[in-house]
Amino acid sequence: MLIAILCVPIGVAIISAFLPSRLVAPVSVLGSLVTLGLTVALIAGFDPGVPGLQNVVDEAWIPGLGVRFQLGIDGISLFLVAMTALLWAASFAWSAWRMPDRPKNYFLMLGIGEFAVMGAFLAQDLLLFVLFFDLMLVPFFFLVGSYGTGDRIKATIKMMVYTLVGSLLMLVAAIATAILTSETTGELSFALSDLRANVLPEGSQDWIFWFFAAAFLVKMPSFPLHGWMPDAYRSCPLPVLALLSGVLPKVAAYGFLRVVLPIFPDATIQFQELVLVLGLVSILYGSAMAFAQTNVRLIAGYSSIAQLGFITLGVFSLSSDGANGAVLQMVNHGLVVAPVFLIIAVLAERYGTEDLREMGGAATRAPVLAVLFLIVTMATLAMPGSANFIGEFYILNGLFDEKTAYAVIAMAGVAMAAFYALRLYQKTMHNRLPAGVESREMSLRDASVLVPLVLVIIGTALYPTLILKRGEASVQDKVGAVTAAEEPEGGLAAKP
Amino acid sequence: MILAQAFNAPDVDYAGLSPIIALTVGLVVVLLVGLAGRAQRALVSAASFIAYGAAAGLSIWQFGEEADLVSGALRLDELGLVATLISILCAVFVIPLSWREESADRAPGPGGHGEFQALLMASVLGMALLAMAQNLVIFFVGLELLSVPLYVLCGSALRRRVSLESGLKYLIVGSLGSATLLYGLAFIYGGSGSTDFTGIREGIGAGLADDPLILIGVALTATGLAFKLSIAPFHQWTPDVYQGAPTPVTAFMAVATKAAAFAVFARFFEVALGPAVGDWQPALAALAAVSIIVGNVGALTQSSLKRLLGYSGIAQAGYMLAGIVAANEAGIEALFFYLSAYAFMNLAAFAVITIRERETGFGDDIRSIQGLGRERPILAWPLTIAMLALAGLPGTAGFIGKLYLIEASVAGDFTWLGVMIAVGTMISLAYYLRVIAAMWMRPAYLSDPTPEAHNRVLPAMAGGSGELGGTPGVRCRVILGFTLVAAFATVFFGVIPSPLVDFVSGTGESITASFG
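Chains as they are written, first to last, in my numbering: chain A, 7 to 502; chain B, 913 to 1428.
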């Protein structure tokens, strides 16, 4: 099952590279729908009560180096995988309607991208995770560099260098973890379960923790490491940007939950405050910047920084409520931000600009588009009733018990989200139409992509338990790894 | 006793020597066949293929054997055989590359192809000897046999000034390296009283620092080897020579020389100087780190692809040196895994450069590949894969190789060197990606090519023919085939690395077995 989810995207991508150009787009879209179908089947067959892995695949890969081809799924990755498949299908379809130049390359790269992200979510071997994590970059390098706008080559190289600086250090850190562990166990293994069973002594956890954290924080991007984001967002083609912003940061947040918390519990406790501060600064900085931007892409981009700040807070609240909310919020944010970028694509085509000051009045003759955008906006600002509200509520709730001050400040972020989200909606949809632009309803083709996405948003809003219930057991397991490490010390300190 | 031995016919292990014998015979045959006149290219190529095929086959036949040959002067083991096989692979690859190459096709004498291939094969023979050398004398003989033909080959494009310059420069610097090395070997012999690696091992004891003779000897030897391997700070000749030499020769030199020289490097340091490991490890680690930085930073601003690969080769040599610094079996295996992978990716890159040199008038300038992705994706893909692999991105053999090397250095308590490899890789991305960006993200360079300096024709008096180095518009199908195979292998061994891991798995044990 998991093998199929992994192989369908890459298989279809490679096959379609040898098909006549005409067939490439339909075959690719079909392939992405098949992947989506597989993930739905996966959800249906998932047993919510089990905290551990399901559908495990475990094959030898490079025996000499202790690397195994180990896949598995649990409540944390389940919906992230489904979200990935959904957004990729949307992006494939959107791109297919607007046939890009050199479609073979384009769809091949998208397929490799889906393969890599799926691999990162499913990998249960640390090295395999690092491999897929690095591989993710390659297709995006080509997509931004070949199909982007503006100063795309500079932007794409900047993105590559920034993110690989983190990832390569992570590779060293992963290797060091396995080697140091093997010195106690006597056997070299990168399997997450083995590494978790024999955590490292605290001293070596520290630097390894930061190597991993650097990779993840760059990818998110978190506050001081977001330098690549504005350029890359400005240049990236919009259907690709929906993925770059919707899915890729989640792999990083997921990495914290999957790798850092269970394997480096002591370092996690030690640096909890620092990461929380980074998360908090990201929220405030992202929100403020989102409010100040006039480029619509960057508004959504900076709002992502803020949202990812929330997710970081949730993960590092080290409470099961917070982490549970973070998992829900990861799915939510992906579902919300992707349609935002696609709607931006519609608007940009209509206005011929991406400057907020030159937009307005799009809603006058386009009620359906306006309604869709309104729903998405409401979800972005976490209106009560949306799944984002529940996600943020869980995160703040989890944070409140232990770190009240952070929770209080983070509340400000919730309020600021309302500002920038509504500003984006109002300035594009309401007000007066600029001269020479006509308000038109979006085409059926665009609706065929946007409507299902919005329906899914509504679905998760109505029934978030679907995600929460399946995530709960696994999240508790991961957070429990840290709290278990905390107790011996915390217990002693608390007693007198 | 000695007399009695002298009167007995020496016992020669012909089976163990068979790869060397095959190369020697092949060398003579190729040289003679080269005189055939009209059909010389086909005949010479066929004869070379057969000779390399025989040598490779015999090496594979001997794979797994372990023996001392010729009274212990040569050591037959997997370490030597793997290095020999890598060299042979490169040489085979260079055969089609040399077709239509000026130095072979339009050589002044009658046997251009024969001479070219015979020189190449002599160099391979030197590499085989060097990889098996277990004795200071053979060490030096092998190294010279490897180098001298290369000096000639670098200058073999007689009508191009830079090629002559390259040959001369390589000759001078290379001789300096050889002399330094020889001087060092003499010191080591003086200090330890033996020319055999195992004898030296017994002679030096545990500390190098105790005996200034040995210390000087080791330092000079390491310097000489570093010259050959273009390890910084002994690398200055590399970019010039790489750029000036005919591209097929550069392709051969970049990989095969490294394979053989690293084999003897590993053997010399870990067998002969094994007990003093603590003394040389930090020094070599420093060399590796300097090399990684110098190579990667130097490559950043290059616009000639061959220079760029030259600098990148300096950095890559630094990565590989980490395998020796680690001083464990995993390190040696990592080194040879990386070398094998490096062979595939580098050959793919050089082949594409060769093809473009002949198709366009830009020589090896980066402009020659601009817009290649749109124009000729079938050429752009191999070069893209090669660059991604050199940068060590996942999905390619380069990633597994780096993984292997970092794992070995961390296991050998050189975590900081592992971090250096990662840092070097980051810097390297900037220039490897620039090449990819040129191919896929920039339009083709359209304006008329002006004859570049390296293409400038010498006057007819000096043997000039009035033509440019390349013939624009030539299609090179055979080379393309080889290129695709190399690129495919790069990806294949990145996804399924086990065959290559198995191939090198015995090299680590070879070291311990030879003194055990």
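Note that CB positions come from ideal geometry on N, CA and C, so glycine has one too.
With L1302/B and M1257/B assumed to form a contact (beta carbons below 8 Å), what rounded beta-carbon distance in angstroms separates them?
6 Å
Got a sec? Which residues, its chain only, sit under 8 Å from D1277/B by beta carbon, not counting five neighbours each side?
The residues are S1215, S1216, L1217, E1364.
T1327/B: contacting residues in chain A (beta-carbon distance under 7 Å)
A182
For the pair the segment 184-198 of chain A and the segment 274-287 of chain A, tell me if three or more CB-CB distances fall below 8 Å.
no
What residues are listed by DSSP as bridge partners for I68/A?
V73/A
Counting only beta-carbon atoms, is L254/A nearer than 8 Å to chain D?
Judged by its chain identifiers, the structure shown contains no chain D, and its protein chains are A and B.
Please report the straight-line C-alpha distance between F399/A and A182/A, rounded to a whole angstrom.
38 Å
Taking only the alpha-carbon atoms, compute the straight-line gap between A1144/B and Y1101/B and give it to the nearest angstrom.
27 Å
Please confirm if G1307/B has its CB atom under 8 Å from at least one CB of chain A.
yes
Give the DSSP-derived three-state secondary structure of R1073/B in the structure shown.
helix
Going along chain A, which residues have a C-beta under 9 Å from V1322/B?
For V1322/B, the residues of chain A that pass the 9 Å Cβ criterion are V178, I181, A182, A184, I185, L186, in the order they occur in the chain.
Nearest-angstrom Cα separation, counted from A220/A out to P255/A:
13 Å
Buried/exposed call for V346/A, threshold 16 Cβ in 10 Å
buried
Look at the Cβ atom of F1051/B, then the Cβ atom of V1004/B, and state whether they are nearer than 8 Å.
Between F1051/B and V1004/B, the gap from beta carbon to beta carbon reaches 8 Å or more.
N-terminal and C-terminal residue of the alpha helix (DSSP H) that R953/B is part of
First-last of the alpha helix (DSSP H) with R953/B: 952-974.
Start and end of the alpha helix (DSSP H) containing L456/A?
450-468
Any C-beta of chain A under 8 Å from that of S1417/B:
yes
Using the C-alpha atoms, what's the distance from P207/A back to A1131/B?
The C-alpha of P207/A is placed about 39 Å away from the C-alpha of A1131/B.
What do you reckon, are the CB atoms on P1340/B and A1227/B nearer than 8 Å?
At residue 1340/B the sequence reads Ser, which differs from the Pro that was named. For the 8 Å CB-CB criterion, S1340/B and A1227/B form a contact.
Can you grab the Cα-Cα spacing for the pair G58/A / D1108/B, in whole Å?
59 Å
So, are the CB atoms of L1032/B and P1008/B less than 8 Å apart?
In this structure, P1008/B does not lie closer than 8 Å to L1032/B by Cβ.
Determine the contact status of V3/A and I305/A, defining contact as a CB-CB distance below 8 Å.
Given a span of 7 to 502 for chain A in the structure shown, any question on residue 3/A remains unanswerable.
So, at 8 Å on beta carbons, what are the nonlocal neighbours of P373/A in its own chain, with the 5 sequence-adjacent residues on each side left out?
E447
Provide the residue(s) that pair with R987/B in DSSP beta bridges, ordered along the chain.
D980/B
Taking beta-carbon pairs under 7 Å, can you tell me which members of the segment 1393-1420 of chain B lie near chain A?
P1409, S1410, V1413, S1417
Ranges of the beta strand (DSSP E) found wholly within the segment 1228-1303 of chain B, counting only runs of at least 3
none
For F24/A, is the classification buried or exposed, using 16 other Cβ atoms within 10 angstroms of its Cβ as the cut-off for buried?
exposed
Quick check on the DSSP output: the alpha helix (DSSP H) that includes G58/A runs from which residue to which?
Premise fails: G58/A is in no alpha helix (DSSP H) and is neither H nor E.
Please confirm whether T45/A and V87/A have their CB atoms less than 8 Å apart.
yes
Close-in-space but distant-in-sequence residues of the same chain around G391/A (CB under 7 Å, 5 per side omitted)
A467
Can you tell which of Y1095/B, A1188/B, S1142/B has the C-alpha that lies nearest to the C-alpha of G1129/B?
The option with the nearest alpha carbon to G1129/B is Y1095/B.
Only counting the same chain, and skipping five residues up and downstream in sequence, which positions put a Cβ closer than 8 Å to that of V1064/B?
L1031, G1079
Give the range of the alpha helix (DSSP H) segment to which G320/A is assigned.
Looking at the DSSP string, the run of the alpha helix (DSSP H) that includes G320/A is 302-322.
Relative to the C-alpha of A1175/B, which candidate in V1416/B, D923/B, V1189/B, V924/B has its C-alpha closest?
V1416/B
On the three-state DSSP scale, how would you describe A1356/B?
coil
8 Å Cβ cutoff, Y964/B in contact with chain A:
no
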